[in-house]
Amino acid sequence: MKSFGHHTLATALCIQLRGREQFRSEVQIRLFLQVQTYHQLQLAIPYSLKCWSHWAETIQSEEEFAANRFSEINERLANARAEIKQQRISSPSVIASRLLKFDDEIEAWRRDLPASWAYKSYCSVRSTGSPPSEVFESHYDKYPDLWIASTWNNYRSVRLLIHEAIIAATLKHGSDEEIANLTASMAVLARMARDICNSVAYIMGRGREGSRSPTPEDGNGSASPGGYLLLWPLFLAGMLRTTRRAQRAWITSEIRHIGTTMGIHLAISMARVLVEHNKSFSDAEVWFIGQFYP
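Residue numbers for the sequence shown follow UniProt numbering, so the first one is 1 and each next one is one higher.
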């Protein structure tokens, strides 16, 4: 997994080398915005990503503009998390005060999203004796398009990072009173993980067309390009201390399916970690580049 971190940093260098000529189409801009959100490295955002995001903003649609606002919050959050690690801050109250303000910003961003970002939730009905559902606990969401669905999962992943950091610091260094007050953060972890699971059917292309419920036949064992976009959100959701055993097993199965159908070795490694280790993603043995701090 450490090599994935190196690839992410190398991407930033490629963006810098190619310059503004790369921002000529909607696809190129959206790929750039996607790269901006892959910073689970607990390092500051590379200068090239900060520099070119301001240039790309001038030719963005309403949806892309909203995504860029999210990326700017992400940038400041990444810098704050890097400072916490570099300064070796371990006080739960200090960490919470530094990170929760970004959680508030992200929630304000969500409330201000244009109507074109809205998704709809459904319940899938399965008859007794039929094959297992391709959706988690019979619930799934449908989105306007694949890119918006992926951005929603990036939003959820960022909230997971914020509250997992607070929980990890509090359990390790907090008082009994601080530990007792972790209920709100635990609830955020559970809710974000559930919403990530509910996005899987749409992103994997199961029943994406029309309004019918996803079925096991929709996937047909074939690869779905959306699978790559699910890897990190699903892995983070699977490694949470709040994720139930049945949910973790379902997530593991989905990640393994992505790995085998798309030939992504990283996904196979992720599935193996989920099976072999009963740990949170913030544990040192799991964190893919350096030590998750605190």
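For glycine and all other residues, C-beta sits at the position ideal for the given N, C-alpha and C.
Given the structure is predicted, the values throughout are model-derived calculations rather than measurements.
By Cβ distance, which residues of its chain are closer than 6 Å to residue i, with the 5 residues on each side in sequence left out?
i, result
"Ser-138", "Cys-123 and Ser-124"
"Pro-233", "Asn-153, Ser-157 and Ile-196"
"Ile-268", "Gly-259"
"Phe-190", "Going by the sequence as given, residue 190 is Ala instead of Phe. The answer, listed in chain order, is Thr-242."
"Lys-120", "Lys-142"
"Phe-136", "Cys-197 and Trp-250"
"Gly-238", "Arg-248, Ile-251 and Leu-274"
"Ser-93", "none"
One question on the structure: do residue i and residue j come within less than 8 Å of each other, judged by their Cβ atoms?
i, j, result
"Leu-266", "Leu-236", "no"
"Ile-106", "Ile-95", "no"
"Ile-166", "Phe-102", "no"
"Ser-224", "His-173", "no"
"Thr-151", "Ala-67", "yes"
"Leu-160", "Met-192", "yes"
"Ile-255", "Leu-240", "no"
"Trp-109", "Ile-73", "yes"
"Glu-177", "Thr-170", "no"
"Arg-69", "Ala-80", "no"
"Pro-144", "Ser-116", "yes"
Please classify residue i as buried or exposed, where buried requires at least 16 other C-beta atoms within 10 Å of its C-beta.
i, result
"Ser-130", "With a pLDDT of 40 at Ser-130, under the threshold of 50, the predicted position of this residue should be treated as unreliable, though the coordinate-derived value follows. Ser-130 comes out exposed."
"Arg-244", "exposed"
"Asp-141", "buried"
"Asn-220", "Any reading at Asn-220 must be qualified, since the residue scores a pLDDT of 48, below 50, and its modelled position is unreliable; the value itself is stated next. That one is exposed."
"Ala-168", "buried"
"Glu-276", "exposed"
"Thr-183", "exposed"
"Ala-201", "buried"
"residue 297", "The structure shown does not extend to residue 297, since the chain is modelled only from 1 through 294, so no value can be given for it."
"Gln-291", "Residue placement at Gln-291 is flagged as unreliable, the pLDDT there being 49, under the threshold of 50; the coordinate-derived value follows with that caveat. That one is exposed."
Leaving out the 5 sequence neighbours to the left and right, which residues in its chain are closer than 7 Å to residue i when beta-carbon positions are compared?
i, result
"Gly-226", "Leu-146, Ile-203, Met-204 and Gly-205"
"Ala-271", "Thr-252, Ile-255, Arg-256 and Gly-259"
"Val-188", "Arg-159 and His-163"
"Thr-128", "Because Thr-128 sits at a pLDDT of 45, beneath the cut-off of 50, its placement in the model cannot be relied upon, and the following sentence gives the value as read from the coordinates. Answer for Thr-128: no residue qualifies."
Cutting at 8 Å between CB atoms, please list the residues of its own chain near residue i, excluding the five before and the five after it.
i, result
"Gly-210", "Because the pLDDT of Gly-210 is 48, which lies under 50, any placement of that residue in the model is unreliable, and the number read from its coordinates should be weighed accordingly. Answer for Gly-210: no residue qualifies."
"Tyr-228", "Ile-258, Met-262 and Ile-264"
"Leu-113", "Ala-66"
"Arg-111", "none"
"Thr-100", "The residue asked about is misnamed: residue 100 is Leu in this sequence, not Thr. Hits under 8 Å: Ile-162 and Ile-166."
How would you write the range of the beta strand (DSSP E) that residue i sits in, first residue to last?
i, result
"Tyr-140", "139-142"
"Ser-121", "120-123"
Note the first and the last residue of the continuous alpha helix (DSSP H) segment covering residue i.
i, result
"Ser-93", "92-111"
"Arg-88", "Element bounds for Arg-88: n/a, residue is neither H nor E."
"His-173", "146-173"
"Ala-249", "245-262"
"Trp-117", "That residue, Trp-117, is in no alpha helix (DSSP H); it is neither H nor E in DSSP."
"Val-275", "265-276"
"Val-200", "183-203"
"Phe-136", "Per DSSP, Phe-136 belongs to no alpha helix (DSSP H) and is neither H nor E."
"Gly-226", "No alpha helix (DSSP H) holds Gly-226; DSSP gives it neither H nor E."
Can you find a heavy atom of the ligand ZN that lies under 7 Å from the Cβ of residue i?
i, result
"Gly-263", "By its list of ligands, the structure shown contains no ligand whatsoever, and the ligand ZN lies outside what it can speak to."
Original post:
Using 8 Å as the threshold, is the segment 245-256 in touch with the segment 182-202, meaning 3 or more CB pairs across them?
Top reply: yes
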